[in-house]
Structure formats: structure tokens, C-alpha cells
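A quick write-up on the structure given underneath.
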Amino acid sequence: MTSAADTPVVGNEATKNLGQATDTLSPRQEFLRYSGFKWDVLAQPTAEQEYGFTDVNTLRIPEQTDTPPLERQTDDIPPVFARAYYVDPQYDDRRRGSVFDELRAPGHAFVYGKPGAGKSTLRLALETHLRAFPDATLAVTYEPGRAVEEAVAAALVAAEHEAEKNRALADKVARDAHLRILTAALAVDLFIQIVEQFGYRQTPPTEKQNRALSSLIRTADPRLKQVIDRLIRGKDAADLWGFAWLWRRLDRPVVQPVVRTLPLRNWLMSLSETLDQHAHDPEEPLPAPAVWQRALDTARLWGFEHVYIMVDGLDTYWRRPSEMLTLFDPLLQLLPSLAAQNVSLKAFLPLELRSSVTRRLPACGVTPDQTHVIVLEWTDRRLQAVLLARYRAAGSRRLSLNDLVEPALHDNIDELLIEAAAGSPRRLLLILHELVETHITRQPVQRPITSDELKEAIVRAAARMAV
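Mapping of the sequence shown onto my numbering: residues 14 to 480, in sequence order.
In C-alpha cells form, the structure reads like this:
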């Protein structure tokens, strides 16, 4: 799987100036500093890109002073992605309700939304919350990309002759393909969350725990061995997050700092030795359900009583809705068995799949009351909250853009932005991003934003939404 964080937007001031010296401001930085921003929180307006960039030092806007800055303090570091930017899509008062609380509760859940409605933002924020406050819950991220499609297709081709005679066999082959790749995803998340929570352990891991984890890593995702070696021998990271940057190699967001304490290093060395000792052991051929069950048993052995599988990324540009449903349907068939294993599926799905999924559930042995449904529909009030959250994350006391625009826009600039967003938080952020990009093409950048610049930004944002 490849995160969008690995493929940042190019060709604009936001990314063109990443890594430049702080003694020279780019036009973008100059305008944002003039606007009261300490961080460029509009540089990457999609969720996957943001979690990879929000704690990068180059998004900091240099202060206007000739005095060298003091040594960084913890509160000078930009907050990790989801905590800084997350806005509840439905509730403006926690006492009235919380989408977090609804998704944190055990049980299968489907979150539907149009492209740009915030499905991935919500998924990443939920993962951050689960990992920051685990409560014996393992968060497993599962994005069925091309690798999953190819595995399902290859498995079906291998059983093509029999599948023509037996639809049940074809379904089983597809389910098994998902279970094997789910096992690899669980191995990654289990290792990460064991490391994140290692400092809270009262006793060292047992030999039984180490053997089980070693076996899972060896058979499910050998990439982890390289990460373990880096954790043991890599140079200590100087920033607040320590070795947590390694999680991006595994396509996972940074959530908690990872410090290589002596107990953690000793355990990692022991785990690495166990992996080396059994590196050439013959792999026991097991059916996919048994492989998955063994992975769950390993998670339980390490104290994770609940497992939440968070499915995202079905609505890619190359898939039609029918193909999305074909890929997702085997997971629907697994819902009853997952529930029996104390595993909850939290699926973040395109809105066009809602009716199809609802119709399929009874055939999969699932009644409507056994799933929780959330539809992301943003009101103007909640979109206004998105704007305010961005301003706060930027280190600004700003409540509006009305002091940055020409007189004709002064009274209704915020309303115009929200109206142009058409209920989409991503479109809203893209408009803001493009508004800055459009404005800085002419000097001086301290001049007011014009109506023509706003119109151009809306057109450019619409073009990016259409891609």
C-alpha cells in the first residue's frame, strides 16, 4: 500500500519551499505570516498527505525577528495531525453526542460520504484516538489497494474451473484472500502499538508472547524485521517524536513519541534474535481462517481484547462502484464470524455503496440493528468549525478572513467560502489553499484579497476535486 503522504502535491509554493532556509521567506510564507499564521496548515488539504506533513519543521513559518529563536519547547511543535485538525462532522457540543464515541463503541459500523466529505480524516482521527487511549483495543488499518485486488483476482483465477460450478467456492477464495492480507495488516499494527505502549508495561514480555509475535511477523509481514533493526541500531532521533517516524515506512501515522529506552531495546534485541533463529523454518501451511485466528490469538496474548478493523480507500479513481462492491463483499460475508471473534469492522465507504451494502447485509446473516450507520453531511455551522480549527492549529487567533479582503468581500467572505465548499470540507480547504496560491502571484502580498482571486481559487479547487 502506498500512502498519499508519499506523493505530495507538486508545482505550488507549499511544496516548492519545503526544506528551504528560514532566513528567506517565500511569498506564501510572507503572506501567511502577515495573516498571523505560525504554521502553514493549508499546504496539504487531503487527510493522507496531512498526516505525513503536519509535524515537518518546514511547515513552520519563521518569526519576524532578528533575534535567534530560543530552543524549541514541546508546545512549539505542531500537534500530530488528527488532534490538531479534527472536527466532529455532526455534533457541535460533546454533551449532545460524539461521532468518536459512536465509532469507539464495539460493533460493526459503516461511515458513508461523498468524495471530500472527510471519511479518511475521520478514520485517521479515530485511529489516533484508539492508539492514544487504547483501553485494550487494537486498531488495524486496512486499505484494499491493488495488492488486495490482485490477490483476490489471482485466487479466483486459480479456482476458476471449480468456481464456475460452485459460487460458494469462489466466495470462500475471495474471503481467504482478504483474511491473509488482513493478517499482515494486523501484524504491522500490533507491533506498532506494542512499541507505543511498552513504557506502560508492569512486567517484561513473556517468552510465549515473544514466540507468538515472532511467528506472526515472520509469516505475515517480513518488512517489520527491517524496522526492528532500525529501532535497535538507528541513530537517536532529535525531535519530539523520536523513532515514531519509522511508522510512515509502514504507512501508519505518527501518534505517540517512541523513545528507545533500555528495556525497549533489550526486548527488541530479544525479538530480533528469535526472528533470526527461525528465519529458515518451513512455513506451516494453514488455511486462511486458521492464519487469521492465530493472529487474533497473538493479539489477545499481548492484552488486546478488542480488534477494530478500519477499512478505507475503496473509492479510488480506477474503480467503478460495482468493482468497489465486489472487493468489499467478502468482508460483508465475514461480519458474523468477525463479531464472534470480538472483532469490529469500521468501514469508511463512498455514499453510492450505501443502498447496495444495505441490501447485501441480510444475505450475509446480518440484521440492520447489528450495524451502526453514519452519513457524513456537513452543515454550514460545522464547516465554520473546520475553518476555526485550522486557524487555531496555525497558532493564530484569527476568527475570520474579513480583515484580509477588499471592502466588497468584507462582510461575507466566510459565508462565500462555505457556500462555495458545497458541503465538502476538502473543497473548503482546497479553496483556501488555492486562494493563497492565487493571491501570492502578485506583489505586494500584503494587499487585500480580491473578488477575482476568490473566483479563480474556487475554479482551481473545483478542478482539483474533479481529479
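C-beta atoms are modelled at their ideal positions from N, C-alpha and C, and glycine is treated no differently.
**Item:** Runs of alpha helix (DSSP H) wholly within the segment 99-161 (minimum 4 residues, chain order)
**Value:** 112-117, 132-145
**Request:** On a CA-only basis, which of A434, R405, L442 is nearest G49? Give me that one, please.
**Result:** R405
**Request:** Per DSSP, which residues does H191 bridge with? Please list them.
**Result:** In the DSSP output, where bridge partners are listed per residue, H191 has none listed.
**Item:** N- and C-terminal bounds of the alpha helix (DSSP H) containing P363
**Value:** Unbroken run through P363 is the beta strand (DSSP E), 356-363; no alpha helix (DSSP H).
**Message:** With the cut-off set at 8 Å, would you say F361 and V124 are in Cβ contact?
**Reply:** Result yes, Cβ atoms of F361 and V124 sit closer than 8 Å.
**Request:** Taking all protein chains shown into account, decide if L143 is buried (16 or more other Cβ within 10 angstroms of its Cβ) or exposed.
**Result:** buried
**Asked** DSSP state of W52, grouped into three classes?
**Response** DSSP places W52 in the strand class (E or B) of the three-state scheme.
**Message:** Taking only three categories from DSSP, how would you classify V324?
**Reply:** Of the three classes helix, strand and coil, the one that applies to V324 here is strand, per DSSP.
**Message:** If you reduce the DSSP assignment to three classes, tell me which class V208 lands in.
**Reply:** V208 falls in the helix class under three-state DSSP.
**Request:** Between the Cα of R193 and those of P298, P119, E115, D416, spot the shortest distance and give me the residue it belongs to.
**Result:** P298
**Message:** Could you tell me the alpha carbon to alpha carbon distance between I462 and D184, rounded to whole angstroms?
**Reply:** 57 Å
**Request:** Just grab the DSSP bridge partners of T384 for me.
**Result:** H121
**Asked** If we count Cβ pairs, one from each stretch, closer than 8 Å, do we get three or more for the segment 285-298 versus the segment 237-256?
**Response** A contact exists between the segment 285-298 and the segment 237-256.
**Asked** Exposed or buried, which one is F146 when buried takes at least 16 other CB atoms within 10 Å?
**Response** Around the beta carbon of F146, fewer than 16 other beta carbons sit within 10 angstroms, so the residue counts as exposed.
**Message:** Looking only at its chain, what residues have a beta carbon closer than 8 Å to the beta carbon of D427, apart from the 5 residues adjacent to it on each side?
**Reply:** Q397, L400, S413, L414, N415
**Collapsed DSSP secondary structure at I462 in the structure displayed** = strand
**Asked** If you count every other CB in all the chains shown that lies within 10 Å of the CB of H293, and 16 or more means buried, which is it?
**Response** exposed
**Asked** For the putative contact between P102 and R395, defined by C-beta atoms under 8 Å, what is the C-beta separation to the nearest angstrom?
**Response** 6 Å
**Message:** Quick check on the DSSP output: the alpha helix (DSSP H) that includes L340 runs from which residue to which?
**Reply:** 334-346
**Prompt:** Between the Cα of S283 and the Cα atoms of L374, D249, L226, which residue gives the shortest distance?
**Reply:** L226
**Asked** When the Cα atoms are used, what is the spatial distance from V379 to Y213?
**Response** 38 Å
**Asked** With a CB to CB cut of under 7 Å and the five nearest residues on each side skipped, what residues in its chain are close to T154?
**Response** E140, A198, D202, R265, M323
**Asked** Ends of the alpha helix (DSSP H) at E286?
**Response** That run of the alpha helix (DSSP H) goes 275-290.
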